[in-house]
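**Student:** Quick one: structure below, then a few questions.
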Amino acid sequence: METYFEARPKLVEASAIALGFFDGVHPGHRVVIETAVSEARRLGVKAGVVTFKDHPRALTRGQSPMLLTVIEQRLALFEALGVEVALVLSFTEELCLKSPQAYVEDVLVGAMGARSISVGHNHHFGKDREGDADLLRSLGKDLGFSVNAAEMVHINGKEVSSSRIRSLVAEGKMQEALELLCHPFAVLGEVSRGDGRGRTIGVPTANLDLYQYQMIPKKGVYAGRARIHGANAIDCVINVGTRPTFKDASGGDRPTVEAHLLDCDMDLYGKSLEITFLEFLRDERKFAGAEELTAQIKEDIEKARNFLRRDQKGEKLPA
């Protein structure tokens, strides 16, 4: 997939594009993207996405929502859906002040050669969010593109939205989040050196440095899988928290994400690792010391193995 980070004239000769931030790339987003891919095939042009690296609210409100997917994850999901070219914009003050018509003319048509534009049911763009699907349809008559606006998607009677999924992840409800995302929630980061305490008790962990606004689930222990780019997934036990048993070594109250990879002793330092959260096992708690903690970790590992074995077979644990 071709990826550009600046809108320049005629980046793409002709395309059918999907517009949106697409945090999580959930089924509602997929309808928009798959429509663009289908339109591209019909028209014989490239399938594209125009998105932003960071959430627009980081500029307009001074605070971004915590993100279900960082840009690297979103790009990988776009490509898996058949997208051939992505334009990733930085939401600058200049772009924020650009009128909807100028945005369409300069970016969507001028840079991307849009012949078809697909958006979500509530998509807005341009200065003061004045642009919408109706304005796109009006501009398309003169600029030569068609417009498709998707309806809200529901799964099992539940509205699918990024904000709803964020709430589920924040509560540690990973199976419910999976139901609405249609893919497991995962974090992506570089493995950094921790204090090495896990290795001293026979449970080495990979500590992740995460993007500032990357969402993490509530504190606790989870079963999941870890993957290095291009390699097979490895079963793991994940801890999210402040390591209260060894509070002096925690580095403060900011939750950390660390994973113990089962039956694996790879050197992961400096590598990019994606960790998928599949099942909440227990809350974080403080133990009397290393011996009690080690005994609990062994129990956590056994619970994780049991869940992941069943998950591999498509079975479910009893409620």
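Just so it is clear: in the sequence shown, position 127 is 132 by the working numbering, and no numbers are missing. Note that CB positions come from ideal geometry on N, CA and C, so glycine has one too.
What first and last residue would you give for the alpha helix (DSSP H) that runs through Y227?
**Tutor:** Taken as a continuous stretch (DSSP letters only), Y227 belongs to no alpha helix (DSSP H), being part of the beta strand (DSSP E) at G225 to I233.
**Student:** May I ask which residues mark the beginning and end of the alpha helix (DSSP H) holding H188?
**Tutor:** Taken as a continuous stretch (DSSP letters only), H188 belongs to no alpha helix (DSSP H), as it is neither H nor E.
**Student:** Quick one: Cα of L213 to Cα of C269, how far?
**Tutor:** Distance between the alpha carbons of L213 and C269: 17 Å.
**Student:** Do you know whose CA, among S172, I306, G162 and I243, lies nearest V226's CA?
**Tutor:** With distances taken between Cα atoms, V226 lies closest to I243.
**Student:** What is the residue span of the beta strand (DSSP E) that R120 lies within?
**Tutor:** Per DSSP, R120 belongs to the beta strand (DSSP E) from A119 to V124.
**Student:** Among the residues of its own chain, which have a CB less than 8 Å from the CB of V152, if the five just before and after it don't count?
**Tutor:** If we look at V152 and ignore the five residues flanking it on each side, its Cβ neighbours are S121, I122, S123, V124, A138, L141, R142 and G145.
**Student:** Beta carbon of G229, beta carbon of I280: below 8 Å?
**Tutor:** Cβ distance < 8 Å, so G229 and I280 count as in contact.
**Student:** What is the rounded straight-line gap between the Cα of L278 and the Cα of P189?
**Tutor:** Roughly 15 Å between the two C-alpha positions.
**Student:** Leaving aside the five residues before and after A182 along the sequence, list all residues of the same chain whose C-beta is less than 7 Å from its C-beta, in chain order.
**Tutor:** For A182, where only same-chain residues beyond five positions count, the Cβ hits under 7 Å are I170, L173, V174 and F190.
**Student:** If we ignore side chains and look at the alpha-carbon of each, how far apart do V109 and Q180 end up?
**Tutor:** Approximately 39 Å, taken between the alpha carbons.
**Student:** If you draw a straight line from the C-alpha of A85 to the C-alpha of A107, how long is it?
**Tutor:** Approximately 31 Å between the Cα atoms of the pair.
**Student:** How would you label L313, buried or exposed, when you count the other beta carbons within 10 angstroms and need 16 or more for buried?
**Tutor:** Buried, since its Cβ has 16 or more Cβ neighbours within 10 Å.
**Student:** Going by C-alpha to C-alpha distance, which of I306, G207 and L94 sits closest to R13?
**Tutor:** Checked all of I306, G207 and L94; the closest Cα to R13 is L94.
**Student:** Would E284 be called buried (16 or more neighbouring beta carbons within 10 Å of its own) or exposed?
**Tutor:** E284 comes out buried.
**Student:** Who are the near neighbours of K15 in its chain, counting only those whose CB is closer than 8 Å to its CB and skipping five residues on each side?
**Tutor:** Excluding residues within five positions, the ones whose Cβ falls inside 8 Å are G115, A116 and G118.
**Student:** Determine, using beta carbons only, whether G25 and S167 come nearer to each other than 8 Å.
**Tutor:** No; because the gap between Cβ atoms is not below 8 Å, this pair is not in contact.
**Student:** Tell whether a beta-carbon distance below 8 Å holds between V196 and L273.
**Tutor:** Result yes, Cβ atoms of V196 and L273 sit closer than 8 Å.
**Student:** Please report the residue range of the beta strand (DSSP E) in which R26 lies.
**Tutor:** It should be noted that the sequence gives Phe, not Arg, for residue 26. Where F26 is concerned, there is no enclosing beta strand (DSSP E), given that its DSSP letter is neither H nor E.
**Student:** What residue does the alpha helix (DSSP H) around R79 start on, and which one ends it?
**Tutor:** Residues I76 to A85.
**Student:** From this set, V75, H34, K223 and A231, which residue's C-alpha is nearest T247's C-alpha?
**Tutor:** Here the closest residue by C-alpha is K223.
**Student:** In angstroms, rounded to a whole number, what distance separates the CA positions of G208 and R315?
**Tutor:** It should be pointed out that residue 208 corresponds to Val in this sequence rather than to Gly. If I take the Cα positions, the gap works out to 23 Å.
**Student:** Over what stretch of residues does the alpha helix (DSSP H) that includes S277 continue unbroken?
**Tutor:** Not the alpha helix (DSSP H): S277 falls in the beta strand (DSSP E), residues S277 to R287.
**Student:** Which residues does DSSP list as the beta-bridge partners of I337?
**Tutor:** This structure leaves residue 337 out entirely; the chain is present only between 6 and 324.
**Student:** Could you check what DSSP says for E89 in three-state terms: helix, strand or coil?
**Tutor:** Three-state DSSP puts E89 in coil, outside helix and strand.
**Student:** Who are the near neighbours of E7 in its chain, counting only those whose CB is closer than 6 Å to its CB and skipping five residues on each side?
**Tutor:** So the qualifying residues of the chain are V90.
**Student:** Just to confirm my understanding: we take E164, look at its own chain, exclude 5 residues before and 5 after, and list those with CB closer than 7 Å. What are they?
**Tutor:** Excluding residues within five positions, the ones whose Cβ falls inside 7 Å are M157.
**Student:** Can you look up L313 in the DSSP assignment and give me helix, strand or coil?
**Tutor:** Helix at L313.
**Student:** Give me whichever residues DSSP pairs with D240 in a beta bridge.
**Tutor:** DSSP output for D240 lists R230 as bridge partner(s).
**Student:** Beta carbon of V55, beta carbon of V112: below 8 Å?
**Tutor:** Yes, Cβ-Cβ distance for V55 and V112 is below 8 Å.
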